[in-house]
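**Q**
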Amino acid sequence: MESCQAVEADIDKLIAKYNKYGPKWQFQLHRFISTLERYKREIESQSSEIDKCGLSSTILQMKLAIKDISNEHRRWHSDVSRVGKTIDKNFISDYTEASNKKAFKTDNEKEILNKIICMHLYRDSKWEVAEEFLKEAGITVDDKQKQRYLNLNHIVDSLRQKDPMPAFEWVYQNKIQLDAKKSDLEFKLHQIVFLDILNRGDQYEAVVYARTNFSRFIDKQKEIQSTMGMLLYPPNVAQMRTEVIDLFIKDSCLSDDDMLSVCVNVGCSALPALLDIKQAICRDVGGVWNENDELPIKIDTGFAYHSVFACPILRTRSGTSNPPMMLVCGHVISKDALNKLERSGRLKCPYCPKEQLPSEARTINF
3 MESCQAVEAD IDKLIAKYNK YGPKWQFQLH RFISTLERYK REIESQSSEI DKCGLSSTIL
63 QMKLAIKDIS NEHRRWHSDV SRVGKTIDKN FISDYTEASN KKAFKTDNEK EILNKIICMH
123 LYRDSKWEVA EEFLKEAGIT VDDKQKQRYL NLNHIVDSLR QKDPMPAFEW VYQNKIQLDA
183 KKSDLEFKLH QIVFLDILNR GDQYEAVVYA RTNFSRFIDK QKEIQSTMGM LLYPPNVAQM
243 RTEVIDLFIK DSCLSDDDML SVCVNVGCSA LPALLDIKQA ICRDVGGVWN ENDELPIKID
303 TGFAYHSVFA CPILRTRSGT SNPPMMLVCG HVISKDALNK LERSGRLKCP YCPKEQLPSE
363 ARTINF
């Protein structure tokens, strides 16, 4: 924050100087241009005698003004250069010390990164860019996955253009899954259509639509009452439409933010702290964040997407080297607990009488 304030102070000085002199010089230049154009017209017309004394005086004044403007411009250029130096002084352009040298070394890791970038482009409807990226990166994406993004983008674009029909078709095709998770998407879509009709000024048609389509939502009585109250007090439809789009994205099993955006946001939030402490850490404990699977700083829990499992036996949290293991009976313990409970090549579940071979346990991810 202090770095931004330092740069902002120099920029404010530069803007203040421009506001002081800029309009003044612009006015003078326009006046000189108008005077010279008048003399030019008099010379071309030859209808009257030219005021040579006035012309010479104007040219002399113009030369002096241009000289003053040039000198002031040089001073402005010095101030602009000072802003650049302040930026270089307060902001670090080399971030290699904060990077993980081991990241994206293997072909598999590079392919995963490229696919994440491609999914980001698909999600943003950048289809031509995504296809060109696929060719240049030399990777392939499943056609079903492509088609899924194509359909979802089409539905989202249609909702933004006040066309709910593609969304309704998707809802009817996936009604079983949506009912299982008790989704409000279908009701919200009808609510948006009702409000669009209402905004067109046709209250009678809106009431008819409500009677036809809201009657089957028996468990939404309070929401229906609130919706009918909108006949008198129409809400912000644009905001509600955005909420419906977000709900559709959620129900279609897409995260609110795509993977690339999340990774970039996490990196940006961690980078300032890493750069602040890099000198001390690199000097005392070199490579501390390059050799471990965790950062030496705290990240906002809103970005914590990794699964956490606490072993009920050892009371320890699972990790890469100690993942959660599911037994054949369905109970879950950590790998370390599994190794400790093994006796003579057999393992008895600590929660039920079921016995099994340790090799029958399966690593799971939450």
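Sequential numbering of the sequence shown, starting at 3, is according to the working numbering.
Backbone N, C-alpha and C fix where the C-beta goes; we use that ideal spot for every residue, glycine too.
1. For the beta strand (DSSP E) that P326 lies in, which residues bound it at each end?
2. Residue ranges of each alpha helix (DSSP H) run of no fewer than 4 residues wholly in the region 212-269, ordered along the chain?
3. What's the gap between the Cα of D84 and the Cα of E74?
4. Quick check on DSSP: helix, strand or coil for K356?
5. Between the alpha carbons of H122 and D260, how many angstroms are there, rounded?
6. DSSP has R348 in a bridge; who is on the other side?
7. Can you give me the start and stop residues for the alpha helix (DSSP H) that I68 sits inside?
8. So what does S336 bridge to, in DSSP terms?
9. In the DSSP assignment, find the unbroken alpha helix (DSSP H) run with S101 in it and report its ends.
10. Skipping 5 residues on each side, what residues in its chain have a beta carbon closer than 7 Å to that of V131?
11. Kindly identify the DSSP beta-bridge partner or partners of T365.
12. Straight-line CA distance for E113 to V195?
13. Given a threshold of 16 other Cβ atoms within 10 Å of its Cβ, counted over all protein chains shown, does V246 qualify as buried or as exposed?
14. Looking at L200: is its Cβ nearer than 7 Å to the Cβ of A212?
**A** On the basis of the data shown:
1. P326 to M328
2. 223-231 and 239-253
3. Strictly speaking, residue 84 in this sequence is Arg, with Asp absent from that position. Going by the C-alpha atoms only, they are around 15 Å apart.
4. coil
5. 6 Å
6. R345
7. K54 to N92
8. P326
9. First-last for S101: undefined, no H or E at that position.
10. Excluding the 5 residues flanking it on each side, V131 has same chain C-beta neighbours closer than 7 Å at L123, in chain order.
11. M327
12. 43 Å
13. buried
14. no
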